[in-house]
Amino acid sequence: MENQSDVVDVRGLACPQPVIRTRQALEASQQERLTVVADNETARDNIVKLARSLSCGVEAEQRGAEFYISITKPEDFGAALEPLESQLFLVASNSLGRGSEDLGKLLMKNFFYTLSEQGGLGKVIIFINSGVSLACTGSPALDYLLELEQDGAEIFACGTCLDYFKLKDQLSVGQVTNLYTILNYLQKVPRVIYL
Amino acid sequence: MGPGALAEILDHLPKFEHPDLLVGCGVPDDAGVYRLRPDLALVQTVDFFTPVVDDPYTFGQIAAANALSDIYAMGGTPLTALNLVAYPLCTLGVAPLQEILRGGGDKVAEAGAVIVGGHSIQDDEPKYGLAVTGIVHPDQIVTNAGAQPGDWLVLTKPLGTGVLATALKGGLLDPEGERLLGETMSALNAGAARAMRQVGVDACTDITGFGLLGHLREMACNSGVDLEIDITAVPYLPQARKLARQGVIPAGTSNNKEYVTPYVEWTGAVSPAEQDLLFDPQTSGGLLMAVPEAKKELLLAALRQEGIRRPSVIGWVVGYGAGRIMIRGI
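Residue numbers (this note's numbering), protein chains in the order written: chain A, 1 to 195; chain B, 196 to 525.
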């Protein structure tokens, strides 16, 4: 006996309506499960992507010319719709990990590249010591940091460190800060990630 | 129209040959080129489509910029343009059409060209674009078939107009996102073309409906080379990746994927959202140039000088080959 689930029919709808209707139904529905009926592979693929991006379980089945997509909401579905809790990244070097500095610099670049895909909301990024160079002209991660900042991330570079490396006038993203502010953020933000 | 369907149609077209037809349908490129004199050739192209934004003036600007781009991609200078209009006059009235034409006219004037006429028909769905004629010196034509091993690939506009336009249609794009989308699509490739002519490149194409990988495939295939792309170097419009991850993907992406996937190899990790964006159909995208190592920095400097905010070196030509593209993930 199948559990009760709401059904959304998106057959005949043009992009991006299938994804939008599905999202609306997921937000409005009280049921744990939602079944979406689509009539093309693109709609099926995009609805599956939407479901995964909202941390839902999803299964798609083809019956003839139609696609039945079964979506199961996680218990904390409400949280999936809210922005992530605040995260602070304390970046204390321009190289990630130990063993090879060249590899470390590449890893750091790729790290910010991957981070920038998540968007900037709720993120605080603080650069200290050699990490400040990542926020300055010529940094391999600069484009990603600018994108994060544009999307709501707060970015800071320690002033003492910028002075030490003579980079104060080359800061290209974020603001200059000091240890009072840094300490305040470290203590206030629930999740601190040290790089 | 998807690349697969188009290729099938073009295969059955009668082939024209003429000693003065320098670039025709034989090797598909951005525009046709016909020599008039030893020092002068005509460049011709045509482009029109349905609205991608709500504001009629902006739509006119975008459609015009898109049509003019193909002239620039060949190394040419636009001279004259003809308006192409399909429009439901009874349902929408005259005012929006006037705004579309004003937008198009302003963009043509910005390009230093003139609108010499046009044609309009009744249609249930509005469409607008231009047929554009330009000129180029026969020795200075830039085709998409000249890429050489060792060349760097430089892209002048970020990707993601397909995803953002889809988001806009679905009410999922904020005003700032809408503004950036309009700005990038209505930006002329004139400055990029000037930089290109000044420095000299081996090949060029503009990135439009077939997506980055579709147009790269054309360049690779026509040039007889294999390409490698560094996924971390590909620029995207703000929010593009987030929206792609949420499934806000235009219909054209799957056509492009189907056609180009046989020629693409993936190494390392590339997120599904980024994969989709590499096939995202672009409207009025940037120029993609293949430039020799010795001229790369000069080209980047010239592009910045012309106001290109983020010229990106996205990959290189690895060697002669059958037109394969390797995407290097992280």
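Ideal Cβ positions, reconstructed from N, Cα and C, are used throughout, including at glycine.
This one's a predicted model, so the numbers in the text were calculated from it and none came from an experiment.
Using a Cβ-Cβ distance under 8 Å, would residue i count as near chain A?
{"i": "B:SER466", "result": "yes"}
{"i": "B:VAL508", "result": "no"}
{"i": "B:THR427", "result": "yes"}
{"i": "B:PRO430", "result": "yes"}
{"i": "B:SER315", "result": "no"}
{"i": "B:ARG505", "result": "yes"}
{"i": "B:LYS491", "result": "no"}
{"i": "B:LYS364", "result": "yes"}
{"i": "B:ILE525", "result": "yes"}
State the start and end residues of the unbroken alpha helix (DSSP H) segment that holds residue i.
{"i": "B:HIS410", "result": "406–418"}
{"i": "B:MET391", "result": "385–394"}
{"i": "B:SER449", "result": "447–455"}
{"i": "A:TYR180", "result": "179–188"}
{"i": "B:GLY299", "result": "289–305"}
{"i": "B:GLU460", "result": "Looking at the DSSP string, B:GLU460 is not in any alpha helix (DSSP H); the run it does join, the beta strand (DSSP E), is 459–462."}
{"i": "A:ALA28", "result": "17–28"}
{"i": "A:SER53", "result": "41–53"}
{"i": "B:ALA200", "result": "198–206"}
Inspect the beta-carbon positions of residue i and residue j and report whether they are closer than 8 Å.
{"i": "A:GLN87", "j": "A:LYS123", "result": "yes"}
{"i": "B:GLY386", "j": "B:ILE503", "result": "yes"}
{"i": "B:GLY442", "j": "B:TYR515", "result": "no"}
{"i": "A:THR177", "j": "A:CYS158", "result": "yes"}
{"i": "B:LYS210", "j": "B:ALA260", "result": "no"}
{"i": "A:LEU145", "j": "A:PHE112", "result": "yes"}
{"i": "B:PRO433", "j": "B:GLY357", "result": "no"}
{"i": "B:TYR323", "j": "B:GLY355", "result": "no"}
{"i": "A:ILE47", "j": "A:VAL91", "result": "no"}
{"i": "B:PRO283", "j": "B:GLN317", "result": "yes"}
{"i": "A:LYS49", "j": "B:ARG440", "result": "yes"}
{"i": "B:ILE520", "j": "B:LEU408", "result": "yes"}
{"i": "B:VAL465", "j": "B:ILE426", "result": "yes"}
{"i": "B:LEU472", "j": "B:TYR431", "result": "yes"}
{"i": "B:ARG389", "j": "A:ASP143", "result": "no"}
{"i": "B:VAL396", "j": "B:MET484", "result": "yes"}
{"i": "B:GLU305", "j": "B:GLY255", "result": "no"}
{"i": "B:PRO333", "j": "B:LEU498", "result": "no"}
{"i": "B:ALA326", "j": "B:VAL247", "result": "no"}
{"i": "B:ALA268", "j": "B:ILE310", "result": "no"}
{"i": "A:ASP45", "j": "A:SER29", "result": "no"}
{"i": "B:THR337", "j": "B:CYS285", "result": "Checking the sequence, you will find Val at residue 337 of chain B rather than Thr. Their beta carbons are not under 8 Å apart, which means B:VAL337 does not touch B:CYS285 by this criterion."}
{"i": "B:VAL228", "j": "B:TRP347", "result": "no"}
{"i": "B:LEU383", "j": "B:SER507", "result": "no"}
Taking 8 Å as the CB-CB limit, is residue i close to chain B?
{"i": "A:MET1", "result": "In this predicted model, A:MET1 has a pLDDT of only 43, less than 50, meaning its place in the structure is not dependable; the value taken from the coordinates is given anyway. No - not a single Cβ of chain B is within 8 Å of the one on A:MET1."}
{"i": "A:GLU117", "result": "yes"}
{"i": "A:VAL19", "result": "yes"}
{"i": "A:CYS136", "result": "no"}
{"i": "A:SER95", "result": "no"}
{"i": "A:SER86", "result": "no"}
{"i": "A:SER53", "result": "yes"}
{"i": "A:TYR113", "result": "yes"}
{"i": "A:ASP143", "result": "yes"}
{"i": "A:GLU66", "result": "no"}
{"i": "A:GLU154", "result": "no"}
Interface residues of chain B around residue i at Cβ under 7 Å?
{"i": "A:VAL58", "result": "Per Cβ cutoff of 7 Å: no residues; A:VAL58 is ~11 Å from chain B at best."}
{"i": "A:LEU50", "result": "GLN441 and GLY442"}
{"i": "A:LYS109", "result": "THR427"}
{"i": "A:GLU147", "result": "PRO433"}
For the beta strand (DSSP E) containing residue i, list its first residue and its last residue.
{"i": "A:LYS123", "result": "123–127"}
{"i": "A:PHE156", "result": "154–158"}
{"i": "B:TYR515", "result": "507–515"}
{"i": "B:ILE522", "result": "520–523"}
{"i": "A:TYR194", "result": "191–194"}
{"i": "B:LEU217", "result": "216–218"}
Mind pulling the chain B residues with CB within less than 9 Å of residue i?
{"i": "A:ASP151", "result": "PRO433, GLN434 and LYS437"}
Going along chain A in order, which residues have a C-beta closer than 8 Å to the C-beta of residue i?
{"i": "B:ILE449", "result": "For clarity, residue 449 of chain B is Ser in the given sequence; the question names Ile instead. Neighbours of B:SER449 on chain A, chain order: GLU41, THR42 and ASP45."}
Can you pull the chain C neighbours of residue i, defined as C-beta to C-beta under 9 Å?
{"i": "B:LYS210", "result": "Judged by its chain identifiers, the structure shown contains no chain C, and its protein chains are A and B."}
What does residue i reach in chain A if we use C-beta pairs closer than 7 Å?
{"i": "B:THR361", "result": "CYS15 and PRO16"}
{"i": "B:ALA446", "result": "CYS15 and THR42"}
Let me know the alpha helix (DSSP H) ranges lying completely inside the segment 229–279 of chain B, each 4 residues or longer, listed in chain order.
For the segment 229–279 of chain B, whole alpha helix (DSSP H) runs of length 4 or above, ordered along the chain, are 251–268.
If you scan the segment 313–386 of chain B from start to end, which runs of the alpha helix (DSSP H) of 4 or more residues do you find wholly inside it?
As far as the segment 313–386 of chain B is concerned, its whole alpha helix (DSSP H) runs of at least 4 residues are 356–364 and 370–381.
Start-end ranges of the beta strand (DSSP E) lying completely within the segment 60–102 of chain A, minimum 3 residues:
Entirely contained in the segment 60–102 of chain A, the beta strand (DSSP E) runs reaching 3 residues are, in chain order, 66–72 and 87–91.
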